[in-house]
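Residue numbers (the numbering used here): 1 to 532.
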């Protein structure tokens with residue numbers, strides 16, 4: 001507990017001092033508070049994106065999935081491997097056009113590219129909806145650590161949740177004062193802790209458990225049919241033929257969705273140059289190696305018997321309990337600090353990204369078109385607080401499984417923004433109304449199919465895999481929705497072009513998509529929207 005609290009106190013101080021680190025030229029502009037002044041170099045961006053994408057929930061959920069289901073839990077490893085080559089083609093173009101036109105959010109780009117307020121607000125609201133449960137899950141990660149630490153065991157609800165209130169208050173305060181600079185600075189500590197803990201774990205814990213041979217034997221035993229009753233287990237050590245479509249489509253769909261999340265885009269747009277983005281897409285796969293090692297902790301938890309014979313053991317506690325059982329108490333504190341700090345960094349970035357979307361694409365677009373830069377920054381700070389309050393309320397009021405289910409649904413939703421985003425970076429062929437209709441079809445289909453999926457823990461939204469139309473195989477509903485989205489967008493574009501329906505104005509040019517920082521030939525100041 002002492003080690004955990006020391007690390008927590010250290011990152012809290014760093015969060016408040018971050019406002020003095022790389023001091024803003026003009027703190028009243030949203031890109032200074034919400035994008036760190038677009039000034040982060042290769043290593044800062046690498047730590048920031050790593051801290052952003054590989055969260056406390058990743059630390060908890062990936063091994064928990066392996067612990068509970070076996071091979072299916074490893075889907076996170078191939079999807080992060082697939083993602084980076086894809087986004088290497090996409091993100092430098094998004095960075096360039098955003099730098100030229102002063103875009104702060106992905107919805108800003110959609111607004112400028114298609115001249116469509118409706119499509120822009122659809123992308124913005126989808127991003128906010130998908131991000132909210134993601135913030136909540138970071139708090140769930142902190143709760144898992146506190147539970148294993150024995151904190152909050154009082155019968156009084158307030159005392160039980162007091163540590164979470166404290167963590168929330170600290171996170172809210174330093175994010176409000178320092179903006180994106182706070183998680184960027186803390187990410188150095190977070191990522192260093194994560195790497196140290198995982199490298200130690202994959203060497204030290206197997207030594208205590210009798211080696212990897214014994215670990216895999218224990219996993220094989222758990223996922224084998226009961227020799228007496230013949231009852232099949234819940235998971236499998238090796239993926240069966242019936243699960244392969246679900247596994248492959250989930251991995252591919254998740255890869256497409258990863259950098260559609262607003263917090264991922266925020267980390268990219270904070271980079272100081274186009275080459276910084278390209279270099280990061282080349283070196284970020286090192287985190288995929290870490291993720292593969294992290295997944296093995298699920299099998300180690302099986303071999304260590306962390307459930308202690310409890311048939312109702314919560315798999316989300318598998319890794320914290322493994323650390324508590326296997327490590328000396330002082331290093332268990334370091335490991336818990338890695339998870340706790342790993343929650344604070346992405347939660348801060350996510351709340352900032354959601355606040356940027358609300359400020360730029362709802363508040364300024366519809367409520368106060370003549371908002372000054374100072375107005376934007378003030379509203380964004382308040383919105384970031386409200387996002388955290390909403391996430392905290394979600395965790396405290398609703399069942400933890402509901403937060404997990406909503407995060408899965410958020411992945412389905414955010415994937416539906418990919419057609420407009422990715423297509424817009426390469427072509428202006430699609431019609432804005434067709435893209436909006438495609439987005440609506442994908443959202444409705446994904447939500448409807450997810451609502452009909454039951455699980456042992458819930459009647460609705462219990463998973464993200466259902467039968468694929470025509471093919472008849474079980475696959476990821478987010479990817480099926482994406483395909484329907486694309487088909488609708490293509491067909492309606494052909495129809496609308498034949499009818500000569502009016503198209504929105506495109507404020508970008510071809511040169512904007514390859515511009516580098518300081519390229520004065522194309523770089524423009526952001527243009528304020530005037531009230532009519």
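By construction, the Cβ of each residue, glycine as well, lies at the ideal position given by its N, Cα and C atoms.
#1: Where does residue 476 fall in DSSP's three states?
#2: Near residue 324, what residues of its chain come up, given a Cβ to Cβ distance below 6 angstroms and the 5 sequence neighbours on each side ignored?
#3: Within a Cβ cutoff of 7 angstroms, which residues of the same chain sit near residue 74, ignoring the five residues on either side of it in sequence?
#4: Taking the alpha carbon of residue 408 as the point to measure from, which residue in 217, 253, 8 and 219 has its own alpha carbon closest?
#5: Alpha carbon to alpha carbon, what distance is there between residue 226 and residue 300?
#6: Alpha carbon to alpha carbon, what distance is there between residue 442 and residue 451?
#7: Helix, strand or coil for residue 210 per DSSP?
#8: Just how far apart, CA to CA, sit residue 524 and residue 48?
#9: Using CA atoms only, rank isn't needed, just tell me which of 423, 18, 31 and 192 is closest to residue 341.
#10: According to DSSP, residue 236 sits in a beta bridge with which residue or residues?
#11: Determine the burial state of residue 514: buried for a count of at least 16 other Cβ atoms within 10 Å of its Cβ, exposed for fewer.
#12: Who pairs with residue 271 in a beta bridge, going by DSSP?
#13: May I ask you to report which of helix, strand or coil DSSP gives residue 10?
#14: In angstroms with no decimal places, state the Cα-to-Cα distance between residue 529 and residue 32.
#15: How far does the beta strand (DSSP E) with residue 467 in it extend, from its first residue to its last?
#16: What would DSSP say about residue 458, mapped onto helix, strand or coil?
#17: With the cut-off set at 8 angstroms, would you say residue 128 and residue 354 are in Cβ contact?
#18: Count the other CB atoms, across all protein chains shown, that sit within 10 Å of the CB of residue 433; report buried if there are 16 or more and exposed otherwise.
#19: How many Å lie between residue 454 and residue 37 at the Cα?
#20: Between the Cα of residue 535 and those of 398, 412 and 511, spot the shortest distance and give me the residue it belongs to.
#21: For the segment 49-61 against the segment 212-219, are there 3 or more C-beta pairs whose distance is under 8 angstroms?
#22: Looking at C-beta atoms only, is the number of pairs between the segment 357-365 and the segment 101-108 that lie closer than 8 angstroms three or more?
#23: Please report the straight-line C-alpha distance between residue 209 and residue 145, rounded to a whole angstrom.
#24: Which same chain residues, not among the five before or five after residue 196, have their C-beta less than 8 angstroms away from its C-beta?
#25: With a CB to CB cut of under 7 angstroms and the five nearest residues on each side skipped, what residues in its chain are close to residue 118?
#26: Pull up the distance between the alpha-carbon of residue 18 and that of residue 509, whole angstroms please.
#27: Would you call residue 535 buried or exposed, if buried means 16 or more other Cβ atoms sit within 10 Å of its Cβ?
#28: For a test of the three-state rule: what should DSSP assign to residue 413, helix, strand or coil?
#29: Please determine, among 136, 82 and 108, the residue with the shortest C-alpha to C-alpha distance to residue 386.
#30: Tell me the start and end of each unbroken alpha helix (DSSP H) in the segment 380-445 that is at least 4 residues and wholly inside, in chain order.
#31: Give the range of the alpha helix (DSSP H) segment to which residue 131 is assigned.
#32: Does residue 308 pass the burial test, meaning 16 or more other C-beta atoms within 10 Å, or should it be called exposed?
#33: Within 8 angstroms, do at least three Cβ pairs link the segment 278-291 to the segment 81-101?
#34: Please confirm if residue 380 has its CB atom under 8 angstroms from at least one CB of chain D.
The relevant details are as follows:
#1: strand
#2: 148 and 332
#3: 66 and 295
#4: 253
#5: 21 angstroms
#6: 14 angstroms
#7: coil
#8: Here residue 524 scores only 49 on pLDDT, less than 50, and its place in the model should not be relied on; the value that follows carries that caveat. Computed Cα separation, rounded: 27 angstroms.
#9: 192
#10: 70
#11: exposed
#12: 40
#13: helix
#14: Legend: pLDDT at residue 529 = 45, less than 50; position of this residue unreliable, value from coordinates given subsequently. About 19 angstroms.
#15: 465-467
#16: strand
#17: yes
#18: buried
#19: 45 angstroms
#20: For residue 535 there is no data in the structure shown, the boundaries of the chain being 1 and 532.
#21: no
#22: yes
#23: 23 angstroms
#24: 334 and 338
#25: 436
#26: 36 angstroms
#27: The structure shown does not extend to residue 535, since the chain spans only 1 to 532, so no value can be given for it.
#28: helix
#29: 136
#30: 400-415 and 418-426
#31: 117-149
#32: exposed
#33: yes
#34: The structure shown contains no chain D; it holds only a single protein chain.
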